[in-house]
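Enquirer: Here it is, the structure in full.
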Amino acid sequence: MKDTDSKTSPRCPACGAETYRRHCKYVCPAHGVVMDCADAFW
Ligand SMILES: [Zn+2]
Numbered sequence: 281m282k283d284t285d286s287k288t289s290p291r292c293p294a295c296g297a298e299t300y301r302r303h304c305k306y307v308c309p310a311h312g313v314v315m316d317c318a319d320a321f322w
């Protein structure tokens, strides 16, 4: 599995919290999905 690279996940633009990757989306623990991988490829 490639779930160990979570340290490279981007920050939430709203609160700066570290997001986590879920399938093809980046999810903020406070705001939910903040980014879609189709949106921006970090
Ligand atoms: Zn947030």
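Be aware that the sequence shown starts at 281, since it is given in the working numbering, and climbs by one per residue.
Idealized CB from N, CA, C, for every residue including glycine.
Considering only residues of the same chain and omitting the five flanking positions on each side of Tyr362, which have a CB-CB separation below 8 Å?
Expert: Residue 362 lies beyond the residue range present for the chain, which begins at 281 and ends at 322; the question has no answer from this structure.
Enquirer: In whole angstroms, give me the CA-to-CA distance for Ala297 and Ala318.
Expert: Cα to Cα, the separation comes out at about 21 Å.
Enquirer: Given a cut-off of 9 Å, decide if Val314 and Pro293 are closer than it, judged by their beta-carbon atoms.
Expert: Yes, these two residues count as a Cβ contact at 9 Å.
Enquirer: At a cut-off of 8 Å, is Cys292 close to ligand 1 when judged by its beta-carbon and the heavy atoms of the ligand?
Expert: The answer is yes for Cys292.
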